[in-house]
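So the structure is just underneath, and the comments pick up after that.
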Amino acid sequence: MTHVVDAKGARIPLLGLGTWELRGRACARTVEQALRLGYRHIDTAEMYDNEREVGEGLRASAVPREQVFITTKIWPSHFASHELARAAKGSLARLRLSEVDLLLLHWPNPQIPLSETLGALSRVKQDGLARHIGVSNFTVALIEEALGLAREPLVCNQIEMHPFLDQSKVTAACRANGMAVVAYSPIARGGAKNDAVLARIGAAHGKSGAQVSLRWLVQQGIVVIPRSGRVQHLSENCAIFDFELSAPEMAEIRALAHRGGRIVDYAYSGSPKWD
Ligand SMILES: NC(=O)c1ccc[n+]([C@@H]2O[C@H](COP(=O)([O-])OP(=O)(O)OC[C@H]3O[C@@H](n4cnc5c(N)ncnc54)[C@H](OP(=O)(O)O)[C@@H]3O)[C@@H](O)[C@H]2O)c1
């Protein structure tokens, strides 16, 4: 059974596969393996340079297209009105799909008016290129601004989230507005595996620290998209729906958040980190 979260009509599987840094044949093979293991949600982006291989893995798995939730993201250098639809069509061509399930704005771009970008993103949905639209790395203030400008529902905000980072304010803003939260780096790039508290709590359930981190998130209704290129970790990361953390365990994990816990320290400034 696929566990899903329902946000404004979008049924998003709680577990997805992250694909950043997966490339070439290894990427296609990993996507195929994940789908065979039961994953039903794949997260990619035009910036990851692997949409072609994600599409190949999807077709090789023989899992019917309609059973898989595919997310991709538009890079901020393509947020101008005339660029955005072209970027979305480029992603679909590489994926060899007629529509994605979710199309996100990858990072805020302060150089282009949000009204212009949200208008273009809404049109892409109206034109049938994406079933749902949303944002990523948006602050509370930007979420509120975006919701006022979008002509179609914004179904999620994809943000860095794991036990070492307090995201309670932005999470509360998403909840208040009916948006799903999608947690990226949900095992802190592997850091959750080595944490003593997570390992101890995991041992009590016969699970690893990485599994405890993922469980802590999904038990709050937060979607997780862990990345792995190894079958053993792909299997481990999907075995998170057969145990439950107690309220004291949930609180103890929440207390691990600290200043400096953020991993992804990036702000789009128009410089061509990737373009
Ligand atoms: N929207 C955004 O701006 C944004 C930013 C960053 C990431 N993302 C998305 O979120 C996805 C996940 O985030 P992430 O890739 O940054 O980090 P992550 O999923 O927290 O961690 C990935 C790392 O953890 C290792 N790992 C995976 N499963 C493990 C396990 N069970 N035990 C120990 N180590 C494990 C992986 O190595 P192995 O391959 O060896 O397993 C890999 O090095 C990305 O791939 C991408 O799709 C989005």
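If you read the sequence shown in my numbering, its first letter stands for residue 7, the second for the next number, and so on.
By construction, the Cβ of each residue, glycine as well, lies at the ideal position given by its N, Cα and C atoms.
This one's a predicted model, so the numbers in the text were calculated from it and none came from an experiment.
Self-check item: Of the listed residues H138, E62, H112 and E72, nearest to D12 (C-alpha basis)
Solution: Minimum Cα-Cα distance from D12 among the listed residues H138, E62, H112 and E72 corresponds to H138.
Simplified DSSP state of I165, which is helix, strand or coil = Under the three-state reduction of DSSP output, I165 falls in the strand class.
Query - Cβ-heavy atom distance, I246 to ligand 1, below 7 Å - result: The answer is no for I246.
Review point. Which runs of the beta strand (DSSP E) spanning at least 3 residues fall entirely within the segment 145-230, listed in chain order?
Key: Listed in chain order, the complete beta strand (DSSP E) runs (minimum 3 residues) inside the segment 145-230 are 160-166 and 186-190.
(request) State buried or exposed for D281, treating a residue as buried only when at least 16 other CB atoms are found within 10 Å of its CB. (result) The predicted position of D281 is uncertain, since its pLDDT is 41 and thus under 50; no value can be drawn from it.
Quick one: what does DSSP say I76 is sitting in, helix, strand or coil?
If DSSP states are grouped into helix, strand and coil, I76 belongs with the strands.
Nearest-angstrom Cα separation, counted from K199 out to R206:
Rounded to the nearest whole angstrom, the C-alpha separation of R206 and K199 is 11 Å.
- Message: Just to confirm before moving on: does the CB-CB distance between A32 and G235 stay below 8 Å?
- Response: In contact: A32 and G235 (Cβ atoms closer than 8 Å).
* To do: State the beta-bridge partners of G283 as determined by DSSP.
  => Because the chain is modelled from 7 through 281, residue 283 falls outside the range shown and cannot be assessed.
Inter-residue Cα distance where the pair is E150 and A86
Their backbone Cα atoms lie some 20 Å apart in a straight line.
To the nearest angstrom, how far is it from the Cα of I246 to the Cα of R102?
Roughly 31 Å separates the two Cα atoms.
- prompt: By Cβ distance below 7 Å, which residues in the same chain neighbour L124 in space, the five residues on each side in sequence not counted?
  reply: The residues A152, L155 and A156, in chain order, have a CB closer than 7 Å to that of L124 in the same chain once the five nearest residues on each side in sequence are set aside.
### Query
Under 7 Å from any heavy atom of ligand 1, does the C-beta of P114 make it?
No - ligand 1 has no heavy atom lying nearer than 7 Å to the Cβ of P114.
Alpha-carbon to alpha-carbon, L108 and V188:
In a straight line, the C-alpha of V188 is about 12 Å away from that of L108.
Output the boundary residues of the alpha helix (DSSP H) element that contains S253. One point to set straight first is that residue 253 is Ala, not Ser, in the sequence displayed. Start and end: A253 to R260.
- Report buried or exposed for D201, applying the criterion of at least 16 other Cβ atoms within 10 angstroms of its Cβ. Around the beta carbon of D201, 16 or more other beta carbons sit within 10 angstroms, so the residue counts as buried.
Between N243 and ligand 1, is there a pair consisting of the residue's CB and a ligand heavy atom that are separated by less than 7 Å? Between ligand 1 and the CB of N243, the shortest heavy atom gap is smaller than 7 Å.
Grab me the residues of D49's own chain with a C-beta within less than 7 Å of its C-beta, minus the 5 sequence neighbours each way, in chain order.
-> Within the same chain, Cβ atoms closer than 7 Å to the Cβ of D49 are found at G22, L23, G24, T25, T77 and I231, the five residues on either side in sequence being excluded.
Proximity test, Cβ basis, 8 Å: R137 and chain C: Looking for chain C here will not work: only one protein chain is present.
Residues that DSSP places opposite I18 in a beta bridge
Answer is V11.
Any non-hydrogen atom of ligand 1 closer than 7 Å to H47 Cβ:
For ligand 1, not one heavy atom lies less than 7 Å from the Cβ of H47.
Practice task
Specify the secondary structure class of L23 as computed by DSSP and reduced to three states.
Solution key: Here DSSP, grouped into helix, strand and coil, assigns L23 to strand.
Would a C-beta distance cut-off of 8 Å place L135 and L90 closer than the cut-off? The Cβ atoms of L135 and L90 do not sit closer than 8 Å to each other.
So, under 8 Å CB-CB, P19 and R46 are touching, yes? Tell me the CB distance rounded to an integer number of Å. Here P19 really is in contact with R46; their C-beta atoms are around 5 Å apart, less than 8 Å.
**OP:** Can you tell me which of the three DSSP states D281 falls into?
**Re:** Annotation note: pLDDT 41 at D281 (below 50); position unreliable, no value reported.
Do you know whose CA, among P192, N183 and V176, lies nearest F170's CA?
-> Checked all of P192, N183 and V176; the closest Cα to F170 is P192.
- Could you work out which residue in I118, P70 and D55 is closest to G96 when comparing CA atoms only? Measuring from the Cα of G96, the nearest candidate turns out to be D55.
Smallest Cα separation from H9: which of V237, R260, Q226 and I269? For the set V237, R260, Q226 and I269, the Cα lying nearest the Cα of H9 is the one of Q226.
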